[in-house]
Each structure stands twice: as structure tokens, then as C-alpha cells.
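0 is the number of the first residue of the sequence shown in numbering that gives the first Met the number 0; add one for each residue after it.
These notes are about the structure you will find just below.
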Amino acid sequence: MPLSPLPPPLPLPLRRRTLLLGVTASAALAACGGMTTAPDVPMDAAQRLRAANRIGWGATQAQLDEIERLGWGRYVERQLKADPRAPMPATIQARIEALGISQGEVAARVWTAESFRRGGDKGATEEERSAARKAYQDAQGLAARETGERQLLRELYSEQQLLEQMTWFWFNHFNVHQGKRDIRLLLSDYQDRALRPHALGSFRHMLGAVARHPAMLRYLDNDQNAVRAINENYARELLELHTMGVDGGYSQRDVQELARVLTGFGVRVDPDPPKIAPRFEPLYRRDGLFEFHPARHDFSDKQLLGRTIRGRGADELDEVLDLLVAQPATARFVSRKLAVYFLSDQPPPAVVDAMATAFQRTKGDIPSTLRPMLRSPAFLAAEAPKFKDPHRYLLSSLRAGFEQRELQNAQPLQNWLRRLGQGLYDKQTPDGYPLTAEAWNSPGQMTLRFEIARQIGGGAAALYRPEGTTGPVPLPDLKVLRARVEPTLAMSTRDALAQTTSPQQWLTLWLSSPDFMYL
0 MPLSPLPPPL
10 PLPLRRRTLL
20 LGVTASAALA
30 ACGGMTTAPD
40 VPMDAAQRLR
50 AANRIGWGAT
60 QAQLDEIERL
70 GWGRYVERQL
80 KADPRAPMPA
90 TIQARIEALG
100 ISQGEVAARV
110 WTAESFRRGG
120 DKGATEEERS
130 AARKAYQDAQ
140 GLAARETGER
150 QLLRELYSEQ
160 QLLEQMTWFW
170 FNHFNVHQGK
180 RDIRLLLSDY
190 QDRALRPHAL
200 GSFRHMLGAV
210 ARHPAMLRYL
220 DNDQNAVRAI
230 NENYARELLE
240 LHTMGVDGGY
250 SQRDVQELAR
260 VLTGFGVRVD
270 PDPPKIAPRF
280 EPLYRRDGLF
290 EFHPARHDFS
300 DKQLLGRTIR
310 GRGADELDEV
320 LDLLVAQPAT
330 ARFVSRKLAV
340 YFLSDQPPPA
350 VVDAMATAFQ
360 RTKGDIPSTL
370 RPMLRSPAFL
380 AAEAPKFKDP
390 HRYLLSSLRA
400 GFEQRELQNA
410 QPLQNWLRRL
420 GQGLYDKQTP
430 DGYPLTAEAW
440 NSPGQMTLRF
450 EIARQIGGGA
460 AALYRPEGTT
470 GPVPLPDLKV
480 LRARVEPTLA
490 MSTRDALAQT
500 TSPQQWLTLW
510 LSSPDFMYL
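Structure representation (C-alpha cells):
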């Protein structure tokens with residue numbers, strides 16, 4: 000049957016449902032202020048489904064069973080205490096370990112690729128130069144594709160769903176674009192060293208790791224920031240996008256002074272150390288590709304946010320980052336952005352206030368910041384549904400419909416994300432992809448989603464067909480899925496689904512429904 004029985008997904012009137020919670024919003028927030036345990040609130044099947052969809056990349060039956068068995072409070076604590084070093088399911092872990100980005104050190108891989116690039120300039124013949132340039136581009140492209148494949152495998156199959164959500168959130172918050180210089184070669188290390196270890200840890204530690212990572216230093220040109228050639232790009236975004244926010248109360252003078260603090264923080268690809276004057280040798284620092292070169296640093300004192308930063312070298316940055324994390328504006332900016340991502344485009348002020356208070360009290364401890372939101376009635380409520388961006392839409396489609404099936408080819412999924420305007424590592428500007436519905440709910444976006452829903456509903460053969468085979472990919476048994484979701488759907492959606500005559504039609508229509516577009 001055609002897909003016409005369903006009306007266009009937008010605008011979707013908000014459906015009011017009764018929220019059976021035994022506590023008020025203010026009482027719940029007060030109860031979890033500084034605690035790591037909390038009594039579970041009653042949850043019906045619809046609330047469990049909504050909570051599972053919001054805390055991860057899409058509810059699976061296994062995830063729902065675990066929430067029901069543990070209770071929401073214990074499940075949240077388990078998710079908040081995720082270990083980024085924990086292995087994935089065996090077959091997925093083996094695939095990740097076999098990727099080129101999992102072999103050796105990133106510095107060696109970057110140096111090998113850099114040798115190709117230099118060969119493109121210095122080869123004896125045009126044929127040699129052309130081959131070297133191609134080898135360099137191939138190395139960059141392969142690194143980016145493998146980083147994307149690893150990320151999607153983790154998001155689809157990890158039991159630590161909140162960790163994978165937060166890793167995506169923080170990459171978007173500290174965005175870098177793969178198209179600039181050699182950043183494609185640095186993406187996997189940026190994820191695994193600067194972001195993922197701290198995604199559910201300390202915001203301050205993550206901020207420091209990002210500030211010293213070659214991907215960020217390359218992207219915002221801080222590797223070109225020197226005492227007699229000041230570049231303000233990274234300093235401006237560190238204040239505006241990473242910590243205090245555009246309305247955080249800093250001045251242009253603060254940007255300039257922070258840029259001076261950041262002089263000398265750069266990248267060195269060559270394995271050999273630089274030639275450096277003896278007086279600077281004790282202050283020189285290097286960690287892999289990161290380099291602090293004291294000869295490029297401004298050693299004069301700086302005035303930042305009303306504080307004097309004594310000029311002394313690399314340690315100035317740590318003092319400044321401590322200062323930025325302690326600002327009330329930073330707590331507010333980061334907390335509200337988290338609430339917009341997880342809850343709604345206009346999150347409840349009481350939730351944001353509780354999160355910001357926790358952030359300040361704990362000096363940026365991320366689990367403490369998340370707890371008031373994850374335990375609030377708003378997290379389970381249907382009154383203000385959150386529109387899915389393309390990444391959430393696609394991942395939740397696959398996790399819901401193909402929970403037991405292993406992704407065979409990640410490239411079509413990466414291509415779909417790019418077509419929907421949210422390609423992995425494709426956002427050129429440092430503000431990252433938008434988190435609100437207006438960026439993703441246009442008629443063109445919906446048309447593309449319907450087209451992809453047909454492909455997924457038909458079995459997503461491009462994703463799940465084993466390499467070297469041509470036969471059809473069997474659809475999953477939809478009996479459990481239908482029993483799980485149909486009671487939670489609007490009557491108009493259930494009526495339309497009742498008219499379908501095949502599993503393919505049912506799955507396609509459900510993935511195209513207004514209900515599925517929202518968390």
C-alpha cells in the first residue's frame with residue numbers, strides 16, 4: 000500500500016498524556032541533588048520506551064528489559080558509570096581492532112601520510128608526484144571512513160548507550176571539520192584520547208585534553224598563534240562556544256588576552272625535536288603530535304576575566320581553564336545545551352537550574368550535572384517531545400528494527416547521514432550541528448527520510464547483506480517490535496499501520512510516522 004494514509008509529520012500537535020509519577024518536578028530535583036542513588040519512580044511501558052530512546056541511540060528490547068529489571072534509578076547509575084575501555088560484543092570488538100586506525104600510534108600514521116604529501120611536492124617526476132599525492136589523499140580518506148565505521152558500530156551495539164550519546168554530544172560541542180588540512184588523520188585519536196575518556200567524567204579534564212589535541216589546534220589555527228603573530232580563532236571559540244557562551248560576559252579584551260595565553264600551543268608532525276635555544280629547553284613540552292614551543296609564547300602577564308595571569312609558559316593555560324570552568328556562565332551554558340539535546344528545544348528552567356548548580360558544586364563533574372535531568376519527571380514526559388535529528392533518526396531506526404543483526408557495511412549509513420545534512424565530521428563551522436527541530440524538519444528533510452525509511456523497511460540490504468552475496472536480506476520478526484510500540488502510538492498511526500499487508504510496509508510506515516520522528 001502507498002504511504003499516503005499518514006499526514007505529513009509536521010506540524011505535529013503535542014499529544015497530552017497522563018504522567019503517572021509519584022513525585023513533583025521540584026521534589027524529584029531536590030531529592031537527587033547530590034545523591035548517587037534515588038528511589039525509582041513508577042514507569043509504564045510508554046515511559047520506559049521514551050526513557051530508553053532518550054538516554055541512548057534508540058530503544059532495543061534488551062535495553063527495555065534491563066530497565067524493567069533494574070529500575071530506572073539503578074539503570075541510570077549503571078549508564079553514568081560506563082567504562083570507555085570496556086570491550087564491545089566480541090564480533091564487533093574484533094572488527095574495531097582490525098581497523099587501520101587501531102594499529103600503532105597516531106603520530107606514526109600521520110608521519111607516514113605526511114611523507115606522502117611531501118613526496119607530492121618533491122618527487123623526481125610528475126608521475127611520482129601524482130602517485131604520492133594520491134597516496135596522501137587515500138590515507139586521509141581511509142582514516143575518516145574507518146573512524147566513522149568505528150563510531151557507528153559503537154553507537155549501534157554498545158550497552159553503554161549514554162557514553163556513546165555523550166561522545167557524540169561532546170564532539171559536536173568541540174567540533175572540528177575533517178576537510179581542513181590533515182584533520183581526517185587525527186579524528187580517531189581526537190575521539191579516543193580527548194573526548195571519550197572524559198565524556199562521563201570531568202568537563203575540566205576534557206577541556207584540557209581538547210586544548211592540547213592537534214585536531215583542535217589545527218582546526219582553529221592555534222598552531223599558527225605566536226607571540227609576534229597573534230591568532231585569536233581558538234581563543235574566541237574557547238570562550239564563546241566551549242565554555243561561557245556568547246552572552247557569558249567576557250569582552251574582546253578577554254579574547255585577546257586568552258589568545259596570548261595560547262601562543263606556542265601547536266602541532267609538530269616531524270619525529271625529530273625542533274632546534275631550540277638553551278634558555279627555552281626546560282619549558283619545551285611535547286606529547287605525541289602536540290607541542291608547546293616556548294620560543295613562540297608570549298611570556299608577559301595577561302589580564303583575563305579580572306584576574307592577572309602571570310606569564311610563565313604552558314602552565315598559564317591550566318590556570319585559565321580552571322577559571323573558565325568556575326564561571327557561573329559556563330555552568331549555565333553547558334547545562335542548558337545538554338538539556339536541549341536530551342529533553343526539548345525549550346527545556347524546563349528548573350531542570351537547567353539544578354544541572355547548573357550541580358556543575359558548579361562539583362567543578363564540572365559530568366555525571367553529577369546529568370543526574371538532575373535524567374531523574375527528573377521531564378525526562379519521561381510526553382508533553383514536550385524532542386524532534387530527532389538525522390543521526391538519532393537513522394540509528395534509532397536500525398536499533399529498533401534490526402537489534403539482532405550485525406551491520407556489514409557502514410558506508411551506506413555514512414552516506415545517508417551526509418544526504419540528510421549531518422554527515423560525520425562534516426560541519427565546517429565550530430558551532431557544531433544545531434540541536435533544535437527547526438534545523439531538521441523541513442519538507443525536503445522529510446522527503447529524504449521517507450525515501451530512506453523505504454530502504455530500511457525493505458531490509459536495508461545495503462547495510463546488512465554479507466559481502467560477496469546477492470540474495471535478499473530477511474526481515475526481522477516484527478511480532479515483538481509491534482507489541483512493544485503499537486500501544487504507545489497515536490490512534491491515527493495505529494489505524495494506518497493496521498492497513499498494511501506485509502512486514503515491509505509496516506516497518507516502512509512506522510519509520511515514516513510522526514510518532515517515530517520524536518523522542
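By construction, the Cβ of each residue, glycine as well, lies at the ideal position given by its N, Cα and C atoms.
This structure is a prediction, so every number in the text was calculated from the model and none was measured.
Among all the DSSP beta bridges, which residues are the ones paired with residue i?
i, result
"Thr500", "In DSSP, Thr500 forms no bridge with anything."
"Ser201", "Asp364"
"Lys301", "Ile308"
"Arg284", "Phe291"
"Phe386", "Tyr517"
"Ala225", "Ala228"
With C-beta atoms as the reference, is residue i less than 8 angstroms away from residue j?
i, j, result
"Leu199", "Ile365", "yes"
"Leu288", "His241", "no"
"Leu419", "Pro389", "yes"
"Trp56", "Glu126", "no"
"Phe202", "Val333", "yes"
"Met516", "Tyr392", "yes"
"Ala330", "Gln359", "yes"
"Ala258", "Ile275", "no"
"Ile54", "Gln160", "yes"
"Pro371", "Ala353", "yes"
"Arg47", "Leu63", "yes"
"Phe561", "Ser511", "Absent from the model: residue 561. The displayed extent of the chain is 0 to 518, so no value can be given."
"Arg149", "Ile100", "yes"
"Trp110", "Pro270", "yes"
"Gly265", "Leu216", "yes"
"Leu261", "Ala225", "no"
"Leu238", "Tyr249", "yes"
List the endpoints of the continuous alpha helix (DSSP H) containing residue i.
i, result
"Ile182", "182–188"
"Gly72", "71–79"
"Asn52", "44–54"
"Gln255", "251–260"
"Trp167", "160–172"
"Val484", "478–484"
"Ile120", "Here residue 120 turns out to be Asp, not Ile, going by the sequence shown. Taken as a continuous stretch (DSSP letters only), the alpha helix (DSSP H) holding Asp120 covers 105–121."
"Trp415", "410–418"
"Phe279", "Note, Phe279: premise wrong, no alpha helix (DSSP H); not H, not E."
"Thr90", "89–97"
"Glu148", "125–156"
"Ser334", "327–341"
"Arg448", "442–456"
"Pro213", "213–218"
"Ala58", "Segment: none, Ala58 is in no alpha helix (DSSP H) and carries neither H nor E."
If I'm right that residue i touches residue j with Cβ under 8 angstroms, what's the distance once you round it to whole angstroms?
i, j, result
"Val351", "Arg374", "No, Val351 and Arg374 are not in contact; Cβ-Cβ is about 14 angstroms, not under 8 angstroms."
"Pro465", "Gln403", "Not confirmed; about 15 angstroms, so no contact."
"Leu496", "Trp505", "6 angstroms"
"Arg267", "Arg285", "7 angstroms"
"Leu185", "Pro213", "5 angstroms"
"Gln427", "His176", "5 angstroms"
"Gly247", "Gln326", "7 angstroms"
"Phe378", "Leu342", "7 angstroms"
"Ala459", "Gly147", "So it is not a contact: roughly 17 angstroms between Cβ atoms."
Hey, how far is the Cα of residue i from the Cα of residue j?
i, j, result
"Ile451", "Leu480", "19 angstroms"
"Arg309", "Phe291", "17 angstroms"
"Ala61", "Glu256", "52 angstroms"
"Ser441", "Gln139", "33 angstroms"
"Arg144", "Gln421", "15 angstroms"
"Thr36", "Asp494", "Residue placement at Thr36 is flagged as unreliable, the pLDDT there being 49, under the threshold of 50; the coordinate-derived value follows with that caveat. Their backbone Cα atoms lie some 42 angstroms apart in a straight line."
"Leu323", "Ala210", "13 angstroms"
"Asp430", "Met243", "13 angstroms"
"Val472", "Pro502", "13 angstroms"
"Tyr463", "Leu416", "17 angstroms"
"Met42", "Glu158", "21 angstroms"
"Ser187", "Glu405", "22 angstroms"
"Leu282", "Arg153", "39 angstroms"
"Thr507", "Asp314", "56 angstroms"
"Pro475", "Arg183", "36 angstroms"
"Ser548", "Glu96", "Here the chain covers residues 0 to 518 and nothing more, so residue 548 does not appear."
"Ala228", "Lys387", "43 angstroms"
"Ile91", "Tyr340", "28 angstroms"
"Met87", "Ala142", "21 angstroms"
"Met165", "Ala381", "22 angstroms"
Taking residue i as part of the beta strand (DSSP E), name the residues at either end of that continuous run.
i, result
"Phe264", "264–266"
With hydrogens ignored, establish whether the beta-carbon of residue i is closer than 7 angstroms to any heavy atom of the ligand HEM.
i, result
"Val350", "Ligands displayed in this structure: none; no statement on the ligand HEM is therefore possible."
Against chain B, does residue i count as a neighbour if the rule is that its beta carbon must be under 8 angstroms from one of theirs?
i, result
"Glu127", "No chain B is present in this structure, which holds just one protein chain."
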